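Worksheet: the structure to be examined is printed underneath.
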Amino acid sequence: MEIPKQSADIFEILNKGQFICSNSSKDEIRKLYGVINQEYEAFYTYFMGINLFLEEGDEYYYFTRKDSKADIERKLESALKWIDIIDFLKTFEAGFSSGFRFKPSDILVRLSVDADLKNKLEDLKKYASGKEKHAEILEKILDHLEKDNFIEIENEIMHEYKTLASFSYLEQLILTINIPEDIKNEIPE
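Numbering-wise (the working numbering), the sequence shown opens with residue 54 and increments by one.
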């Protein structure tokens, strides 16, 4: 089997838990997406040999691994964080999804007239260690999203972000959560 020459670059990105998206504004990421798209089987086989599973989403790629119980618990905590963040972003704009463009200043302006949005941002303090001001909390949340390749800065002068195709991964994560009817209305003791 011939090892695809971009394997190291792809590994470097995906092994950090990041995504390679078709709609990235970074040319090198879009090129890597195209290479994976054309040679998916070769990459899948290659990475499977080192216990990494190359997964394909809707216009994005990522790695999965077989997880231990401790890893699963850590992932559940991470999923709860993303659910809170998605809830906040969808409260800001119901159409917040792949390709959506926004400025943090627009969110901050909306806080002054939307109490629900403001409350949800204040609930996100727990993910913004030590931050108290709304602008600081929002900046930290956006840093989380950017670090994990769900958004990227598209215009540094205007401070405008673009939501990447990998954001669909978070939306799908939430859609797969199934709460059985018989426990929906139970109050935990």
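Backbone N, C-alpha and C define an ideal beta-carbon position, used for all residues, glycine too.
Since we're looking at a predicted model, the values are computed, not measured.
- At a Cβ-Cβ threshold of 7 Å, residue 200 and residue 181 do not count as neighbours.
- Between residue 89 and residue 66, the beta carbon gap of about 11 Å keeps them out of contact (Cβ cut-off 8 Å).
- The three-state secondary structure of residue 207, taken from DSSP, is strand.
- For residue 149, the secondary structure class from DSSP, reduced to helix, strand or coil, is coil.
- Under the Cβ criterion (8 Å, minimum of three pairs), the region 212–223 counts as touching the region 153–164.
- Here DSSP, grouped into helix, strand and coil, assigns residue 217 to coil.
- For residue 107, the enclosing beta strand (DSSP E) begins and ends at 106–109.
- The DSSP assignment places 122–145, 157–164, 168–176 as complete runs of the alpha helix (DSSP H) inside the region 121–186, in order along the chain (cut-off: 4 residues).
- Closest in C-alpha terms to residue 62, from the list 148, 191, 81, comes 81.
- Rounded to the nearest whole angstrom, the CA to CA distance from residue 175 to residue 190 is 8 Å.
- Under DSSP, residue 114 takes part in a beta bridge, and its partners are 73, 109.
- Inter-residue distance for residue 107 and residue 145 is about 33 Å (C-alpha atoms, whole angstroms).
- Apart from sequence neighbours up to five positions away, the residues of its chain that approach residue 59 with a beta-carbon distance below 7 Å are 85, 88, ordered along the chain.
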